[in-house]
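A.B. asks: Residue numbers (the numbering used here), protein chains in the order written: chain H, 1 to 393; chain R, 394 to 648.
Cβ coordinates follow ideal geometry from the N, Cα and C atoms, glycine included.
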Amino acid sequence: MNYSVDADGYYGDYGGAFIPEMLFPNVDELKTKYREIIERSAFQKEFHHLLKHYVGRPTPLYHARRLSEKIGANIYLKREDLCHTGAHKINNTIGQILLAKHMGKSRIIAETGAGQHGVATAAVCALMGMECVVFMGAVDIKRQAPNVARMKMLGAQVQPATCGSQTLKDATNEAIRDWINHPQETHYIIGSVVGPHPYPDMVSLFQSVISQEVKNQLKSIEGREQPDYLIACVGGGSNAAGLFYHYLNNLEVGIYCVEAAGHGIETDQSAATTKLGKPGIIHGCKTLLMQNTDGQIQEPHSISAGLDYPGIGPLFAHLSDTQRATFRAVKDQDAMRWGLELSKLEGIIPAIETAHALALLETETFKTDDVIVLGCSGRGDKDLETYINYFGL
Amino acid sequence: MNRLDTLFETDKKILSIYFTAGYPKLEDTVPILTELQDAGVDLIEIGLPFSDPLADGPTIQYSSTQALQNGMQSNVLFEQLKNIRDNIHIPLIIMGYFNPILQYGVDHFCHQCQQVDIDGLIIPDLPFDVYGQSYESIFKKHALKNIFLITPQTPAERVQMIDEKSNSFLYMVSSASVTGAKNKFDEKAISYFKKINELQLKSPKLIGFGISHHTTYELASKYAEGVIIGSAFIDFLKKNRIQDISQFIKLIRSN
Numbered sequence: 001m002n003y004s005v006d007a008d009g010y011y012g013d014y015g016g017a018f019i020p021e022m023l024f025p026n027v028d029e030l031k032t033k034y035r036e037i038i039e040r041s042a043f044q045k046e047f048h049h050l051l052k053h054y055v056g057r058p059t060p061l062y063h064a065r066r067l068s069e070k071i072g073a074n075i076y077l078k079r080e081d082l083c084h085t086g087a088h089k090i091n092n093t094i095g096q097i098l099l100a101k102h103m104g105k106s107r108i109i110a111e112t113g114a115g116q117h118g119v120a121t122a123a124v125c126a127l128m129g130m131e132c133v134v135f136m137g138a139v140d141i142k143r144q145a146p147n148v149a150r151m152k153m154l155g156a157q158v159q160p161a162t163c164g165s166q167t168l169k170d171a172t173n174e175a176i177r178d179w180i181n182h183p184q185e186t187h188y189i190i191g192s193v194v195g196p197h198p199y200p201d202m203v204s205l206f207q208s209v210i211s212q213e214v215k216n217q218l219k220s221i222e223g224r225e226q227p228d229y230l231i232a233c234v235g236g237g238s239n240a241a242g243l244f245y246h247y248l249n250n251l252e253v254g255i256y257c258v259e260a261a262g263h264g265i266e267t268d269q270s271a272a273t274t275k276l277g278k279p280g281i282i283h284g285c286k287t288l289l290m291q292n293t294d295g296q297i298q299e300p301h302s303i304s305a306g307l308d309y310p311g312i313g314p315l316f317a318h319l320s321d322t323q324r325a326t327f328r329a330v331k332d333q334d335a336m337r338w339g340l341e342l343s344k345l346e347g348i349i350p351a352i353e354t355a356h357a358l359a360l361l362e363t364e365t366f367k368t369d370d371v372i373v374l375g376c377s378g379r380g381d382k383d384l385e386t387y388i389n390y391f392g393l
Numbered sequence: 394m395n396r397l398d399t400l401f402e403t404d405k406k407i408l409s410i411y412f413t414a415g416y417p418k419l420e421d422t423v424p425i426l427t428e429l430q431d432a433g434v435d436l437i438e439i440g441l442p443f444s445d446p447l448a449d450g451p452t453i454q455y456s457s458t459q460a461l462q463n464g465m466q467s468n469v470l471f472e473q474l475k476n477i478r479d480n481i482h483i484p485l486i487i488m489g490y491f492n493p494i495l496q497y498g499v500d501h502f503c504h505q506c507q508q509v510d511i512d513g514l515i516i517p518d519l520p521f522d523v524y525g526q527s528y529e530s531i532f533k534k535h536a537l538k539n540i541f542l543i544t545p546q547t548p549a550e551r552v553q554m555i556d557e558k559s560n561s562f563l564y565m566v567s568s569a570s571v572t573g574a575k576n577k578f579d580e581k582a583i584s585y586f587k588k589i590n591e592l593q594l595k596s597p598k599l600i601g602f603g604i605s606h607h608t609t610y611e612l613a614s615k616y617a618e619g620v621i622i623g624s625a626f627i628d629f630l631k632k633n634r635i636q637d638i639s640q641f642i643k644l645i646r647s648n
C-alpha cells in the first residue's frame with residue numbers, strides 16, 4: 001500500500017481536482033510547477049532559512065514527564081505551538097508565499113476558521129510586502145476577535161463570509177469565488193490538506209518538516225527514529241499530515257487521528273467526518289464529507305473552530321478506508337477537560353484542537369515503554385475566551 | 394433527435410434563461426417553465442440548487458438557499474418534471490453542481506433525466522477530463538448532452554480540444570467572474586469574444602455571465618449564436634410576479 005499521492009492527484013479513491021473551468025488554468029499551473037519550484041535549491045534555501053529564523057524551527061520535541069507518569073507511557077509533545085504566530089500553520093504559509101513569488105503572483109487570498117491560518121498568512125504577506133485578503137465566516141469573526149485584530153495589525157483585509165453557516169466552509173467558498181474573480185494576479189493559500197490537487201500534497205510537503213524533525217530528534221533522544229504511536233487531531237488534517245508524513249509507509253508506527261465529536265457522533269452536532277461522512281465532492285476535492293441524502297453539505301459542530309469542518313483531507317479519507325490509521329472522535333467536554341489538564345500538568349495551555357488529541361490518551365491502552373509522539377499543534381491563547389466561559393475562570 | 398441539435402439549425406439568436414428550481418416557491422418550477430416558453434425563450438436551464446455553489450455570486454446563492462429551504466431536491470425536481478413534455482417543447486437543460494448528482498448516482502440521475510426528457514446537463518464543477526474518463530459513456534447511454542464551459546482564461550488549445558469533444562453548444566463565460574458580478578462588457582470581454590470567433594469553432598456558442606439587459610444582450614449576440622441570462626432573471630423573480638415574466642423577456646429582446 002502506498003500512501004503518497006498518485007500522478008492524477010489521488011490517494012486511493014480520494015482527491016483529484018473537481019474545479020470549475022474558470023479555475024483550470026490556475027490549478028493546472030500549480031500542478032505543473034509546484035514540485036519543480038519547491039525542489040529548486042534556491043527555494044529550499046530560503047524556505048529553511050525562514051523556518052529557522054522567522055518561524056523558530058526546529059520546534060522542541062518535549063518529553064512530558066508528568067503527563068507520561070499519569071498515562072503510563074513515554075509521551076513526547078511536538079511543540080508546534082511554539083511556532084511564530086502560535087501554530088503549525090505558518091510552515092505552510094511560508095512555503096506557499098515563496099511559491100506565489102516564484103510564480104509571479106502579487107496578491108494573496110486565504111480562508112480561515114479560528115484565525116490561525118489567517119494570521120499565519122497575514123504575517124508572511126507582511127513579510128513579503130504582498131496584498132492579503134483573508135476570508136472568514138461572520139460567526140467566526142465574532143468568536144475569534146483577537147485573531148481578527150492580529151490580521152488587521154499585520155495589514156490584511158478581513159472579508160466576512162456572510163453566506164451559509166458563516167463559518168470555515170463558507171469562508172472557503174468565498175475564497176474560491178474571489179479566486180475565480182481574480183485569477184491572474186492572485187494565489188490562493190489554502191490552509192489545510194484539502195482542496196483540489198495539488199493542494200493536499202503541496203500542503204503536506206510543507207508540513208512534512210514536522211515529521212522530519214521528529215525523526216532526527218527522536219534518534220538523538222531515544223536512539224531510534226520511529227515512535228510506537230503518533231497522535232494528532234484532524235480537522236482538514238494539516239498538522240496530522242505533517243506529523244505522519246515520513247512514517248506513513250512504516251507500518252510499525254501506529255497512527256491515531258482524533259476528530260471532533262462535538263456533542264457526540266450520535267447527535268447532529270458533530271464534526272467527526274470519518275464517522276458521519278460519505279464520499280463526495282467538497283471544495284474541489286473528492287473525499288469523505290458530512291452531507292444529507294440529497295448531497296447537500298451539512299453544517300458541522302465543534303467547540304474548536306479549527307476542527308469545525310464538514311470534510312477531511314483526501315489523504316485521511318484514504319487512511320480511514322485502508323485502516324492505516326485508527327480514527328477516534330473526542331467530545332467537546334473531554335477536549336476542554338484535557339485543555340485544562342495539560343495546563344496543570346505541564347504548564348502548557350494547548351489550543352482546543354490539540355486538546356482533542358490529548359483526550360485520546362486516557363481512552364487507549366498503552367504499554368509503559370511505548371514511545372508516543374503527540375502533535376501539540378497550537379497554543380491556547382486564541383481560545384482563552386472559550387476556556388474562560390467554559391470553566392468560569 | 395436531441396432538441397439541442399435542432400435549436401441551432403436556424404439563424405435566430407438564441408435566448409437561454411437560467412432559474413433555480415423551487416424558487417421563489419417550491420411549486421413555481423413548472424409555472425416558470427411555462428411562462429418562459431410562452432414568452433418565446435428558446436432554451437431553459439433548470440438550476441438544481443446546491444448548498445455550496447462555488448461559481449455563483451450572491452444572487453444565485455440566495456435563490457439556491459431559498460429553494461433548499463423550500464424543500465427542493467433531486468427527487469422533488471424529477472417529480473415536478475414528470476409530465477413536463479406535455480406542454481414544454483423547447484430544449485431543457487439541468488444545471489447543477491456535481492455532489493448532489495453523485496449522491497443520487499450519476500447513472501440513476503441521467504436515467505431520470507431521460508425519463509422526463511431533459512436534453513442536456515451543465516455541471517460546472519465536473520471537469521472536462523474527468524467527464525471524458527468516467528462519465529461520458531453514461532451520458533451517451535441516456536442521450537444526454539454535456540455542456541462544457543470555456544472562459545477568458547482557457548488557453549486556445551484547450552478551447553479547441555473542448556470544442557472537438559463537444560456535441561452541443563459551448564457555454565462561453567464572458568469574464569473572469571462568478572455569476573451576477575458584472576452588468577456590462579469591457580474592451581477585454583469584446584476582444585475575448587473576437588478571439589474566440591477567430592478560432593472558427595465547430596460548436597455554436599452561447600455567451601453567459603454579465604448579461605442583464607437589452608444592451609448586453611445585443612452586444613453578446615453579435616459574437617455568438619445567443620446568450621444566457623441567469624442572475625438578472627432571478628433578481629426579476631425576487632421582485633415580480635411569475636405572470637410578468639413575458640415583460641422581462643420583451644425588455645431583453647427589444648428596446
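In angstroms with no decimal places, state the Cα-to-Cα distance between H/Lys278 and H/Met290.
C.D. replies: If you take the alpha carbons of H/Lys278 and H/Met290, they lie about 6 Å apart.
A.B. asks: Based on DSSP bridge pairs, tell me the residues matched to H/Cys401.
C.D. replies: For chain H, the structure presents residues 1 to 393; residue 401 of chain H sits outside this window and is missing.
A.B. asks: Going by the beta-carbon positions, is the gap between R/Ser444 and H/Ile372 smaller than 8 Å?
C.D. replies: No. Outside cutoff.
A.B. asks: Taking beta-carbon pairs under 9 Å, can you tell me which members of the segment 445 to 464 of chain R lie near chain H?
C.D. replies: Going along the segment 445 to 464 of chain R in chain order, one finds Asp445, Pro446, Leu447, Ala448, Asp449, Gly450, Pro451, Gln454, Tyr455, Thr458, Leu461 with a Cβ nearer than 9 Å to chain H.
A.B. asks: For a test of the three-state rule: what should DSSP assign to H/Pro160, helix, strand or coil?
C.D. replies: Residue state, collapsed to three classes: strand.
A.B. asks: When Cβ atoms are compared, which residues of the segment 516 to 527 of chain R fall closer than 8 Å to chain H?
C.D. replies: From the segment 516 to 527 of chain R, only Pro517, Asp518, Leu519, Pro520, Phe521, Val523 have a Cβ closer than 8 Å to chain H.
A.B. asks: So which of H/Lys344, H/Gly254, H/Gly223 has the shortest CA-CA distance to H/Arg65?
C.D. replies: Closest option to H/Arg65, Cα to Cα, is H/Lys344.
A.B. asks: As a quick exercise: from H/Gly155, H/Ile189, H/Ser211, pick the residue whose alpha carbon is nearest that of H/Pro60.
C.D. replies: Ranking H/Gly155, H/Ile189, H/Ser211 by Cα distance to H/Pro60 puts H/Ser211 first.
A.B. asks: Measure the Cβ-Cβ separation of H/Ala359 and H/Ile231 and say whether it is below 8 Å.
C.D. replies: Cβ atoms of H/Ala359 and H/Ile231: not closer than 8 Å.
A.B. asks: Would you kindly check if the distance between the Cβ of H/Tyr11 and the Cβ of H/Tyr3 is under 8 Å?
C.D. replies: Closer than 8 Å, so yes.
A.B. asks: Hey, out of H/Pro196, H/Ile94, H/Arg40, whose CA is closest to H/Arg57's CA?
C.D. replies: Closest option to H/Arg57, Cα to Cα, is H/Ile94.
A.B. asks: Strictly by DSSP, which residues pair up with R/Leu514?
C.D. replies: Answer is R/Ile487, R/Asn539.
A.B. asks: Should H/Ser220 and H/Gly191 be called a contact, given that it needs their Cβ atoms to be closer than 8 Å?
C.D. replies: Cβ distance not < 8 Å, so H/Ser220 and H/Gly191 don't count as in contact.
A.B. asks: Throw me the rounded Cβ distance for the R/Thr470 and R/Leu436 pair, which I believe falls under 8 Å.
C.D. replies: According to the sequence as given, residue 470 of chain R is Leu; it is not Thr. About 18 Å; that fails the 8 Å criterion.
A.B. asks: Just the chain R side, please: which residues come within less than 9 Å of H/Gly16 by C-beta, in chain order?
C.D. replies: The contacting residues are Pro520, Val523.
A.B. asks: How close, in whole Å, do the beta carbons of H/Ala335 and H/Ile303 come, if the pair is a contact with beta carbons under 8 Å?
C.D. replies: Confirmed, Cβ separation roughly 7 Å.
A.B. asks: Taking a Cβ distance cut-off of 9 Å, strictly less, list which residues of the segment 489 to 508 of chain R are near chain H, in chain order.
C.D. replies: Correct list: Tyr490, Phe491, Asn492, Pro493, Ile494, Leu495, Gln496, Tyr497.
A.B. asks: Looking at C-alpha atoms only, which residue of H/Glu385, H/Gln116, H/Thr363 is the closest neighbour of H/Ser377?
C.D. replies: It is H/Gln116.
A.B. asks: DSSP three-state label for H/Lys331, please.
C.D. replies: Reduced to three states, the DSSP call for H/Lys331 is strand.
A.B. asks: For R/Leu542, which residues in chain H fall below 9 Å Cβ to Cβ?
C.D. replies: Going along chain H in sequence order, the residues near R/Leu542 (Cβ under 9 Å) are Pro20, Glu21, Met22.
A.B. asks: Quick check on DSSP: helix, strand or coil for R/Gln593?
C.D. replies: It is coil, neither helix nor strand.
A.B. asks: Under the three-state reduction of DSSP, which class applies to H/Met136: helix, strand or coil?
C.D. replies: DSSP places H/Met136 in strand when its eight states are reduced to three.
A.B. asks: Determine the direct distance from the alpha carbon of H/Met103 to that of H/Trp179, and round the result to whole angstroms.
C.D. replies: Distance between the alpha carbons of H/Trp179 and H/Met103: 15 Å.
A.B. asks: Going by C-alpha distance, which of R/Ile453, R/Phe491, R/Gln508, R/Asp500 is nearest R/Glu472?
C.D. replies: Closest option to R/Glu472, Cα to Cα, is R/Gln508.
A.B. asks: Taking all protein chains shown into account, do 16 or more other C-beta atoms lie within 10 angstroms of the C-beta of H/Glu69, making it buried, or fewer, making it exposed?
C.D. replies: H/Glu69 is exposed by the Cβ-count criterion.
A.B. asks: Just the chain H side, please: which residues come within less than 8 Å of R/Pro597 by C-beta, in chain order?
C.D. replies: Correct list: empty, because the minimum Cβ distance to chain H is about 18 Å.
A.B. asks: Count the other CB atoms, across all protein chains shown, that sit within 10 Å of the CB of H/Thr368; report buried if there are 16 or more and exposed otherwise.
C.D. replies: With fewer than 16 other Cβ atoms within 10 Å, it is exposed.
A.B. asks: Which residue comes first and which comes last in the beta strand (DSSP E) that contains H/Ile189?
C.D. replies: First-last of the beta strand (DSSP E) with H/Ile189: 186 to 189.
A.B. asks: For a contact defined as C-beta to C-beta under 7 Å, what are the partners of H/Lys105 on chain R?
C.D. replies: Simply none; closest approach about 14 Å.
A.B. asks: Using beta carbons (cut-off 8 Å, strictly below), is R/Val686 in contact with chain H?
C.D. replies: The structure shown does not extend to residue 686 of chain R, since chain R is modelled only from 394 to 648, so the question has no answer here.
A.B. asks: So what's H/Met153 in DSSP terms, helix, strand or just coil?
C.D. replies: The answer is helix: DSSP assigns H/Met153 an H, G or I state.
A.B. asks: Please report the straight-line C-alpha distance between R/His535 and R/Ile511, rounded to a whole angstrom.
C.D. replies: Approximately 10 Å, taken between the alpha carbons.
A.B. asks: Go through the segment 554 to 622 of chain R residue by residue and report every complete run of the alpha helix (DSSP H) that reaches 4 residues or more, in order.
C.D. replies: You should have 580 to 591, 607 to 616.
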